[in-house]
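Only one structure is covered here, and it is reproduced in the block below.
Number of protein chains: 2
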Amino acid sequence: VKAVIITIGDEILIGQTVDTNAAWIGEQLNRIGVQVEKNISIRDAHDAIHTAIDEAWEQAPLVIMTGGLGPTGDDITKQSLADYFNTALVFSEKVHQRVQAFLTKRGYSMNSNNKDQAMVPEACTVIDNPLGTAPVMKFEQNGRWLFSLPGVPFEMKEIMHKEILPRVKADFQLQPVKHKTIMTYGMPEAFLAEKLEKWEAGLPAQVSLAYLPSPKGIKIRLSVYENASEFDDKLKQAVSELKAIIPGNVFSDSETELERVLLENLKKYGLRLATAESCTGGRIASVLTSVPGSSDVFNGSIVAYQNAVKSKLLNVPEAVIAEYGAVSEPVVKYMAEGVMKQLNADAAIAVSGIAGPGGGSPDKPVGTTWIAIALKNKVEAQRFRFGSTRDVNILRAAYSGMFLLNSVVRETYEQ
Amino acid sequence: VKAVIITIGDEILIGQTVDTNAAWIGEQLNRIGVQVEKNISIRDAHDAIHTAIDEAWEQAPLVIMTGGLGPTGDDITKQSLADYFNTALVFSEKVHQRVQAFLTKRGYSMNSNNKDQAMVPEACTVIDNPLGTAPVMKFEQNGRWLFSLPGVPFEMKEIMHKEILPRVKADFQLQPVKHKTIMTYGMPEAFLAEKLEKWEAGLPAQVSLAYLPSPKGIKIRLSVYENASEFDDKLKQAVSELKAIIPGNVFSDSETELERVLLENLKKYGLRLATAESCTGGRIASVLTSVPGSSDVFNGSIVAYQNAVKSKLLNVPEAVIAEYGAVSEPVVKYMAEGVMKQLNADAAIAVSGIAGPGGGSPDKPVGTTWIAIALKNKVEAQRFRFGSTRDVNILRAAYSGMFLLNSVVRETYEQ
Numbered sequence: 003v004k005a006v007i008i009t010i011g012d013e014i015l016i017g018q019t020v021d022t023n024a025a026w027i028g029e030q031l032n033r034i035g036v037q038v039e040k041n042i043s044i045r046d047a048h049d050a051i052h053t054a055i056d057e058a059w060e061q062a063p064l065v066i067m068t069g070g071l072g073p074t075g076d077d078i079t080k081q082s083l084a085d086y087f088n089t090a091l092v093f094s095e096k097v098h099q100r101v102q103a104f105l106t107k108r109g110y111s112m113n114s115n116n117k118d119q120a121m122v123p124e125a126c127t128v129i130d131n132p133l134g135t136a137p138v139m140k141f142e143q144n145g146r147w148l149f150s151l152p153g154v155p156f157e158m159k160e161i162m163h164k165e166i167l168p169r170v171k172a173d174f175q176l177q178p179v180k181h182k183t184i185m186t187y188g189m190p191e192a193f194l195a196e197k198l199e200k201w202e203a204g205l206p207a208q209v210s211l212a213y214l215p216s217p218k219g220i221k222i223r224l225s226v227y228e229n230a231s232e233f234d235d236k237l238k239q240a241v242s243e244l245k246a247i248i249p250g251n252v253f254s255d256s257e258t259e260l261e262r263v264l265l266e267n268l269k270k271y272g273l274r275l276a277t278a279e280s281c282t283g284g285r286i287a288s289v290l291t292s293v294p295g296s297s298d299v300f301n302g303s304i305v306a307y308q309n310a311v312k313s314k315l316l317n318v319p320e321a322v323i324a325e326y327g328a329v330s331e332p333v334v335k336y337m338a339e340g341v342m343k344q345l346n347a348d349a350a351i352a353v354s355g356i357a358g359p360g361g362g363s364p365d366k367p368v369g370t371t372w373i374a375i376a377l378k379n380k381v382e383a384q385r386f387r388f389g390s391t392r393d394v395n396i397l398r399a400a401y402s403g404m405f406l407l408n409s410v411v412r413e414t415y416e417q
Numbered sequence: 003v004k005a006v007i008i009t010i011g012d013e014i015l016i017g018q019t020v021d022t023n024a025a026w027i028g029e030q031l032n033r034i035g036v037q038v039e040k041n042i043s044i045r046d047a048h049d050a051i052h053t054a055i056d057e058a059w060e061q062a063p064l065v066i067m068t069g070g071l072g073p074t075g076d077d078i079t080k081q082s083l084a085d086y087f088n089t090a091l092v093f094s095e096k097v098h099q100r101v102q103a104f105l106t107k108r109g110y111s112m113n114s115n116n117k118d119q120a121m122v123p124e125a126c127t128v129i130d131n132p133l134g135t136a137p138v139m140k141f142e143q144n145g146r147w148l149f150s151l152p153g154v155p156f157e158m159k160e161i162m163h164k165e166i167l168p169r170v171k172a173d174f175q176l177q178p179v180k181h182k183t184i185m186t187y188g189m190p191e192a193f194l195a196e197k198l199e200k201w202e203a204g205l206p207a208q209v210s211l212a213y214l215p216s217p218k219g220i221k222i223r224l225s226v227y228e229n230a231s232e233f234d235d236k237l238k239q240a241v242s243e244l245k246a247i248i249p250g251n252v253f254s255d256s257e258t259e260l261e262r263v264l265l266e267n268l269k270k271y272g273l274r275l276a277t278a279e280s281c282t283g284g285r286i287a288s289v290l291t292s293v294p295g296s297s298d299v300f301n302g303s304i305v306a307y308q309n310a311v312k313s314k315l316l317n318v319p320e321a322v323i324a325e326y327g328a329v330s331e332p333v334v335k336y337m338a339e340g341v342m343k344q345l346n347a348d349a350a351i352a353v354s355g356i357a358g359p360g361g362g363s364p365d366k367p368v369g370t371t372w373i374a375i376a377l378k379n380k381v382e383a384q385r386f387r388f389g390s391t392r393d394v395n396i397l398r399a400a401y402s403g404m405f406l407l408n409s410v411v412r413e414t415y416e417q
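Chains P and R supply the protein sequences, listed in that same order.
Going by the working numbering, the first residue of the first sequence is number 3, and it counts up by one from there.
Going by the working numbering, the first residue of the second sequence is number 3, and it counts up by one from there.
Rendered as structure tokens:
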């Protein structure tokens, strides 16, 4: 089955918004075995929408469309779809009640713009939108489908997971697809590829391989698109061979993110965590607490952006900061021990670095970062040299810290 | 003048890469007065490339294409363009010498893949690529133009600036364009639209309006695409009228993000900031420290995920937590005062809430969040009711906290 993704919004075409919806939807469709032929981004304009649908359906029977469903005047997708399908907008009691309930729960009352949201094209099937007031619509014509979803990413994702993907899986006859994703950290792509060259050459021809690099690590994905069920054993074998080649770098073979793996391991061994963050500025704490249930393990963090805070709250001696500088091995070790004591934890991650763009020196250029790991009465530290981009440096420091602690916990307890 | 952007690459369609090239090119074209009609992303396949060019030229005389020009086997754009324009690939001595000079300078010698890069379609004009070995091509047909550029972002950007944009400006007769973006927070889209209905009706017909909502606030964008220079005064007037209608909700009329506006205001009035975060888990600290130079203003944060940390480090009396619960007005007020004192700051944001999915009760359902703002010797708190999605609740709590503090600072100092 082939699909085309259409994203609607002037803001995409003038470059004010980067279209992340198309990439996300493409990945989801690919996972269930739907091949995306094309992404089209267009303006909020009737002729553009109509032309895009024509072009899309010429190439694929499944069209996923996002955007232009808000309650304001510049959002015209609903009317445009009604025109395209020669149908009238009619009042839907069901949608009206849903919008009303949605607003009441949040303490708002309905206004005329919200009332308009209960008008939907007669020819469509309305699908539930659990997180917003915009209607989700499904149109069918000659065995071809078109779904129209709101463009707000978190609403769109929830609707895709709960409503769209299950329908597509059930109603198109999709060939089962198998993916196996192994999560690695700490080895750059070129080195990884070199190290895995032989292993790669030994994979069956039907198994395709992709490296998906990001500052959060490199995912190695094995995919089988045809007769997938016959490859279960081969995939399992490939994964265990891979883990034997780079045991220290694989942190998950079930596509679980590093922050979740770390929290699970800490919970398993009854360890409570605290972080002391300088250049990461709370990013580690923020990533960890984005995981539901993190409070089972995470006590909190001291974000010591100022040196005075490092001394006062983390007990880093001022003389040590003066002698070695805030970005140094002794300082991060003191930070890790200090936060573990202050927050009554069993394990700690401490980070101090120069994220940039300012603050670098010939001795400690931008990207220089020290990370310390404390576990019970053990403390160790490591220096990293990241790049020149502030955001990426912060992210790399945060994930390197979590990876290091996860490795130390495994070394200590997994014997 | 209208344009279509075509980006080529399998990795875009399976969601492995987010297409940032199209957004960047769109912004650049829009700035010089070219209206982008459509972005198309397609696979590395001849039929897909040919169909995309047909569709693009049907709607616009200018096509900018990126991707598929690398030296490896999956890059087929050059051959595909030669086929489309019924022309042969011929050896270009000029390109050969440029590639050779490029490689020599970097200490490499030419291999057969590089030699192939000197083969270019006879019908095209070759344009200089100062940063790479891939040829940049320009095709002309019946007054329509097609540029083919490499997809590597930094190469593409350099070529656009140095070669493509100057040619487009010189050879098409371009009209200047004007945009004005106003940033708002704290009012949902439907209510904003209702409040601005009259104002909107009073805008000149040539001024188009768009609402761009996100958990970080709603941007209101005014655009003029024709005779833009005549609308300077009208746009200025529209912006000041808008600010008069919702003075408390507009935090920027220069498209600056809330975190930057807050840091600028704090700096302007000589105030240093600290945050005490429970449900936001360090997100506010993380967002603020992602801004370069935030250390001028930001002292740090205490992420008190555990109640014990709230008592020990933020001096929230245990009896108050026991009586009112951790998510309550007195607790966030104590947190704000406590962190301000501990981190020696002049202003503080404190947040405690139930981000979900667990932890809710009939009395305090998921989404219930208390935020306190402390400024010098003043403390105030406000209750919010966000939704049911953890990530969005955290983001909304973080931005609501920053918005509240920014409002209090403005009220206090902007008289």
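Each residue gets a CB set at the ideal place from its N, CA and C atoms; glycine is no exception.
query	result
Beta-carbon contacts of R/Asp118 that lie in its chain and below 8 Å, excluding the five residues immediately before and after	Pro73
Cross-chain neighbours of R/Glu57 in chain P, by beta carbon under 7 Å	Glu57
Any chain P beta carbon closer than 8 Å to R/Val65	no
Where the beta strand (DSSP E) through P/Gln143 begins and ends	Val138 to Gln143
R/Ser363 at chain P interface by Cβ criterion, 8 Å	no
Coil, strand or helix - R/Glu382 by DSSP	strand
Coarse secondary structure for R/Gln18, derived from DSSP in three states	coil
Those residues which DSSP pairs with P/Arg387 across a bridge	P/Thr370
R/Met404: CB within 7 Å of a non-hydrogen atom of the ligand ADP	This structure lacks the ligand ADP; in fact it carries no ligand of any kind.
DSSP three-state assignment for R/Ile129, whether helix, strand or coil	strand
Run of the beta strand (DSSP E) containing R/Thr9, from where it starts to where it stops	Lys4 to Ile10
Interface partners of R/Glu29 on chain P, CB under 9 Å	Ile16, Gly17 and Gln18
Exposed unless 16 or more other CB atoms sit within 10 angstroms - verdict on R/Gly250	exposed
Own chain, CB closer than 8 Å to P/Ala121, minus 5 neighbours either side, in chain order	Inspection of the sequence shows that residue 121 of chain P is occupied by Met rather than by Ala. Lys80, Leu91, Val92, Phe93 and Ser94.
Helix, strand or coil at R/Thr277 [DSSP, three-state]	strand
Spatial distance of P/Gly302 from P/Ala287 (CA atoms)	7 Å
Candidates R/Lys314, R/Phe300 and R/Glu325: closest to R/Glu340 by CA position	Residue 340 of chain R is actually Gly in this sequence, not Glu. The shortest C-alpha separation from R/Gly340 is found at R/Lys314.
Closer than 7 Å at the beta carbon, the chain R residues around P/Arg100	The contacting residues do not exist; P/Arg100 stays about 14 Å from chain R at best.
Neighbour list for P/Arg398 in chain R, Cβ cutoff strictly below 7 Å	Chain R residues near P/Arg398: none, gap ~14 Å exceeds 7 Å.
Per-residue contacts from R/Phe300 into chain P (C-beta, under 7 Å)	Tyr307
Reduced DSSP secondary structure (H/G/I, E/B, other) of R/Tyr213	strand
CB of P/Phe156 within 8 Å of CB of R/Val394, strictly	yes
Distance between R/Ala321 and P/Ala25 (C-alpha atoms, nearest Å)	50 Å
6 Å Cβ shell around P/His48 - same chain, five flanking residues per side excluded	Ser82
Pair within 8 Å by beta-carbon distance, R/Val381 and R/Ser354	no
Of the residues R/Trp201, R/Lys200 and R/Lys236, the one placed nearest R/Gln208, counting alpha carbons only	R/Lys236
Chain P within 8 Å of R/Ile44, Cβ atoms only	yes
Proximity test, Cβ basis, 8 Å: R/Val394 and chain P	yes
Check whether P/Ala278 and P/Ala195 have beta carbons under 8 Å apart	no
Per-residue DSSP class, three states only, for P/Gln102	helix
Neighbour flag for R/Glu261 against chain P, beta carbons, 8 Å	no
Contact the stretch 254-265 of chain R vs the stretch 286-300 of chain R: 3+ CB pairs below 8 Å	yes
Three-state secondary structure (DSSP) of R/Gln239	helix
Given 8 Å, three or more beta-carbon pairs between the stretch 139-152 of chain P and the stretch 58-72 of chain P	yes
Closest residue to P/Gly134 among R/Ser390, R/Lys245, R/Leu407 and R/Gly362 (Cα-Cα distance)	R/Ser390
Any chain R beta carbon closer than 8 Å to P/Asp348	no
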